[in-house]
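Read through the structure below, which is laid out as structure tokens, and then see the notes.
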Ligand SMILES: [Cu+2]
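Residue numbers (mature numbering (1 follows the signal peptide of the UniProt record, and there is no 0)): -26 to -1, 1 to 437.
Structure below.
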């Protein structure tokens, strides 16, 4: 899926001697590799340079480089892209090298890195290397440390990746627009000793958010709070791939937040520790077990756990509106409202109208006509029916005995007999007292307990 569209552009078809190749090469940009797919690509094992254990970018990929006189050279192209948010919805975003977010850049502690940035956007841009120690003039803040990169121009950034850890990149130029359009990417600096901070599976992705009206394709860039698409790496569930692990693996998940609000990220079935932040690796003595960690705006967290428990474990933002998609946020609460009469009247005027939620939401499996190019609010189905989730939701799938580099979706977990919650089929009398349904008057009393009748203020006046 990697296309080499600009490969050796400018080299021409002239046979040249070896000594000329390097001189011609010196004037040539590294190829601008581009990606056409939104699926998770396999880890890029380093073909040259110092060894490291590569990461897997969720619904993303790692940018290839070339080595030139000991310098790692990358070529980022800032450009408009068409990103599939999930099957059934595409968005006109801005990104790098064919996708939003841009490709992950992976280097090794101590590497000298040269990044060529070509601007194919209709306005100026820059790239800020979030979290890096570098010369001030390489920090990428338009107006402050450099002039903006004008459309059609290429700038060069060069620095030594001094500190191992997890970083991000994004523009510091017309940020409101450029971040709202999806311009961001991940940066990993691996430790120079590959036996340090080792994980068997090392995933990474960015949290991002868009405001795209149902039926349209381009984000509203002035939105400050009311986003309607909450995404991992510009993908919404069920478009987000699972994170596949082998039982017993040490698993790391690195998450950066470039939305405009915080996200409490929650893993089911396992406890994790926060092993890294934007500031670097956390000292082991400072780590405590968590099942949810809040990631503030502009922050990065690397969580680690042992994948000991087999199954399909939910992994999601714990803000319930962030596990929803675009359609249906403006629906009034109808719990307890008998809508039959009014529905009959509305249906004479609007034949497709559906009454919603007399007994709750129940929208996960609802089929209603949608405008083109949008995603229903709660969607995705599993082996037991509708999952009723969208947005920032995926699964960690733990299976026995997977090969080290096997990341393909193993399908749904097959639960051993007797390990799935089941319907009670016995008699009411054989149920523990606490589990019996309350009678109409209020809470069921245990033997010897008094039932308090509560009279609310005002309720007596009506008699
Ligand atoms: Cu969230």
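Think of the CB as a built atom: it goes at the ideal place given N, C-alpha and C, for glycine as much as any other residue.
CA-CA distance, residue 224 and residue 96?
In the chain shown, counting from the first residue as 1, residue 224 sits at position 250. In the chain shown, counting from the first residue as 1, residue 96 sits at position 122. Going from the Cα of residue 224 to the Cα of residue 96 covers about 44 Å.
Whole-Å CB distance - residue 266 paired with residue 239, under 8 Å assumed
If you number the chain shown from 1, residue 266 lands on position 292. If you number the chain shown from 1, residue 239 lands on position 265. Contact holds; Cβ gap of about 7 Å.
Are the region 70 to 79 and the region 6 to 13 in contact at 8 Å, needing three or more beta carbon pairs?
yes
What's the gap between the Cα of residue 242 and the Cα of residue 231?
Start at 1 with the first residue of the chain shown, and residue 242 comes out as number 268. Start at 1 with the first residue of the chain shown, and residue 231 comes out as number 257. As the crow flies, the alpha-carbon of residue 242 is around 20 Å from that of residue 231.
Per DSSP, the bridge partner or partners of residue 355:
For the purposes of this step, residue 355 is identified with residue 381 of the chain shown, where counting begins at 1. In DSSP, residue 355 forms a bridge with 360.
In terms of alpha-carbon separation, which member of 323, 406, 29, 17 lies closest to residue 165?
As a first step, residue 165 is located in the chain shown; it is residue number 191 there, counting from the start. The shortest C-alpha separation from residue 165 is found at 29.
Proximal residues to residue 131 (C-beta, below 6 Å), its chain only, five neighbours per side dropped
Start at 1 with the first residue of the chain shown, and residue 131 comes out as number 157. Correct list, in chain order: 89, 112.
Whole runs of the beta strand (DSSP E) within the region 121 to 189, excluding any shorter than 3 residues:
128 to 134, 139 to 144, 159 to 164, 175 to 184
CA-CA distance, residue 158 and residue 124?
By 1-based counting over the chain shown, the position of residue 158 is 184. By 1-based counting over the chain shown, the position of residue 124 is 150. Roughly 18 Å between the two C-alpha positions.
Verify whether the separation of the beta carbon atoms of residue 371 and residue 286 is less than 8 Å.
Along the chain shown, read from residue 1 onward, the residue named residue 371 stands at position 397. Along the chain shown, read from residue 1 onward, the residue named residue 286 stands at position 312. Yes, the pair counts as a contact, with Cβ atoms nearer than the cut-off.
Taking buried to mean at least 16 other C-beta atoms within 10 Å of its own C-beta, is residue 283 buried or exposed?
For the purposes of this step, residue 283 is identified with residue 309 of the chain shown, where counting begins at 1. Exposed: under 16 other Cβ atoms inside 10 Å.
Please state the DSSP three-state secondary structure of residue -1.
On the chain shown, residue -1 is found 26 positions in, with the first residue counted as 1. For residue -1, the pLDDT reaches just 48, beneath the cut-off of 50, and the residue's location in the model is therefore unreliable, leaving the point undetermined.
Within the chosen definition, does the region 46 to 65 reach the region 168 to 183 through at least 3 CB pairs nearer than 8 Å?
no
Flag this pair as yes or no: are the beta carbons of residue 368 and residue 216 separated by less than 8 Å?
The residue labelled residue 368 in the question sits at position 394 within the chain shown. The residue labelled residue 216 in the question sits at position 242 within the chain shown. A contact, by the Cβ cut-off of 8 Å.
Are the CB atoms of residue 35 and residue 47 within a distance shorter than 8 Å?
The residue you call residue 47 lines up with position 73 of the chain shown. The residue you call residue 35 lines up with position 61 of the chain shown. Going by C-beta atoms, residue 47 is not nearer than 8 Å to residue 35.
Quick one: give me the first and last residue of the beta strand (DSSP E) that residue 85 is part of.
Walking along the chain shown from the start, residue 85 turns up at place 111. Here residue 85 belongs to no beta strand (DSSP E), and DSSP marks it neither H nor E.
Within the present structure, is the beta-carbon of residue 296 separated from the nearest heavy atom of ligand 1 by less than 7 Å?
Within the chain shown, the letter at position 322 stands for residue 296. Yes, ligand 1 has a heavy atom inside 7 Å of this Cβ.
By DSSP's criteria, residue 211 is part of a beta bridge. Which residues make up the other side?
The residue labelled residue 211 in the question sits at position 237 within the chain shown. BP columns for residue 211 point to 365.
What three-state label does DSSP hand residue 49 in the structure shown?
The residue given as residue 49 occupies position 75 in the chain shown. Reduced to three states, the DSSP call for residue 49 is strand.
From the DSSP output, which residues share a beta bridge with residue 271?
By one-based count along the chain shown, residue 271 stands at place 297. DSSP output for residue 271 lists no bridge partner at all.
Where does residue 285 sit, in a helix, a strand or coil, going by DSSP?
Start at 1 with the first residue of the chain shown, and residue 285 comes out as number 311. If DSSP states are grouped into helix, strand and coil, residue 285 belongs with the strands.
Straight-line gap, residue 396 to residue 168 (C-alpha atoms, nearest Å):
As a position in the chain shown, residue 396 is number 422, starting the count at 1. As a position in the chain shown, residue 168 is number 194, starting the count at 1. Cα to Cα, residue 396 sits roughly 47 Å from residue 168.
When 211, 162, 400 are compared against residue 274, the one with the closest alpha-carbon
Indexing the chain shown from 1 puts residue 274 at position 300. With distances taken between Cα atoms, residue 274 lies closest to 162.
Rounded C-alpha distance that separates residue 186 from residue 147
Along the chain shown, one-based indexing puts residue 186 at 212. Along the chain shown, one-based indexing puts residue 147 at 173. Approximately 22 Å, taken between the alpha carbons.
Thinking just about the alpha-carbon of each residue, which of 399, 226, 208, 202 is nearest to the one in residue 350?
Position 376 of the chain shown, counting from 1, holds the residue named residue 350. Of the candidates 399, 226, 208, 202, the one whose C-alpha sits nearest the C-alpha of residue 350 is 202.
Starting from residue 67, follow the beta strand (DSSP E) in both directions and report where the run begins and ends.
Taking the first residue of the chain shown as position 1, residue 67 is located at position 93. Unbroken beta strand (DSSP E) run through residue 67: 63 to 70.
Write down the C-beta distance between residue 222 and residue 347 rounded to the nearest angstrom, noting that I regard them as a contact closer than 8 Å.
Position 248 of the chain shown holds residue 222. Position 373 of the chain shown holds residue 347. About 42 Å separates the two Cβ atoms, so there is no contact after all.
Residue 255 beta carbon near ligand 2 (any heavy atom closer than 7 Å)
The model on display carries ligand 1 but not ligand 2.
Could you check which residue in 271, 321, 151 has the C-alpha nearest to that of residue 252?
One-based indexing of the chain shown puts residue 252 at position 278. Of the candidates 271, 321, 151, the one whose C-alpha sits nearest the C-alpha of residue 252 is 271.
Any heavy atom of ligand 1 closer than 7 Å to the Cβ of residue 240?
Translated into positions along the chain shown, residue 240 becomes position 266. Outside the cutoff, so no.
Distance, residue 183 Cα to residue 63 Cα
Along the chain shown, one-based indexing puts residue 63 at 89. Along the chain shown, one-based indexing puts residue 183 at 209. So the alpha carbons of these two residues sit roughly 15 Å apart.
N-terminal and C-terminal residue of the beta strand (DSSP E) that residue 16 is part of
Walking along the chain shown from the start, residue 16 turns up at place 42. Premise fails: residue 16 is in no beta strand (DSSP E) and is neither H nor E.
Assuming contact is defined by CB atoms lying nearer than 8 Å, are residue 23 and residue 41 in contact in what I supplied?
Counting from one through the chain shown, the residue named residue 23 turns up at place 49. Counting from one through the chain shown, the residue named residue 41 turns up at place 67. It is a contact, given that the beta carbons lie within the stated cut-off.
Hey, quick one: how far does the beta strand (DSSP E) through residue 218 stretch, first residue to last?
Mapped onto the chain shown, residue 218 falls at position 244. 217 to 220 is the span of the beta strand (DSSP E), which, as asked, contains residue 218.
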